[in-house]
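A short write-up of the structure that comes next.
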Ligand SMILES: [Mg+2]
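Numbering (the working numbering), first residue to last: 465 to 673.
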């Protein structure tokens, strides 16, 4: 059984910072089709705060790291996405109380707890053209992979694939949440920027393990 520890989680998040920076122009381009075109900029601001939180972290406490990442994202001006990401990472922190490292089941449980946290902020479901279209299938895929005895690396690879497929599928959907909702059918044909960001985060997590 492989374990994912503090340094692995740290590396996963630092990889996501780089991934968002590399793709911020594309994220803003996607947002400009159905929104105000600032998604890349706000995501960079959110993930600048992730990097600062990691660099400022004292000791090696997994729960504190995840909690602080979530809290500081909420405090950064991350547009409508900031509070959602904050609730995701703070939700993750709740499941790792007292743990130094995570086995496969605990790793999947951490992401499920994050999803539950985000669900308290957003009523969106799969099919609504939001971040949930990437996050929900990713968490399902992680649990399925853990159930089949796959390693943490394989679990994250499955999650990244499911998130990418989920983000891709938003292209054909009509937005039901956020400002894009007002555009109705005109949102069809454009990939959702939030789902794309979520997919990039999982891609970075998978590549770093
Ligand atoms: Mg925007």
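Ideal placement from N, C-alpha and C gives every residue a C-beta, glycine not left out.
In chain order, the residues with a C-beta atom nearer than 5 Å to some heavy atom of ligand 1 are 495, 499, 500, 502, 503.
Rounded to the nearest angstrom, the gap between the Cα atoms of residue 502 and residue 496 is 7 Å. When beta bridges are read from the DSSP output, residue 469 appears opposite 565. Between the stretch 500-514 and the stretch 483-492, the count of C-beta pairs closer than 8 Å reaches three or more; the two stretches touch.
The three-state reading of DSSP puts residue 527 in helix, counting H, G and I together. If you draw a straight line from the Cα of residue 560 to the Cα of residue 552, it is about 13 Å long. With fewer than 16 other beta carbons inside 10 angstroms of its own, residue 519 counts as exposed. Ranked by Cα distance from residue 665, the options 616, 468, 615, 602 are led by 602. Judged by pairs of C-beta atoms under 8 Å, the stretch 621-639 does not touch the stretch 522-541, as fewer than three such pairs exist. Residue 479 and residue 486 have their C-alpha atoms spaced approximately 11 Å apart. Rounded to whole angstroms, residue 618 and residue 542 show a C-alpha spacing of 31 Å. Boundaries of the alpha helix (DSSP H) harbouring residue 666: 657-672, taken from the DSSP string.
Judged by their CB atoms, residue 595 and residue 586 are nearer to each other than the 9 Å cut-off.
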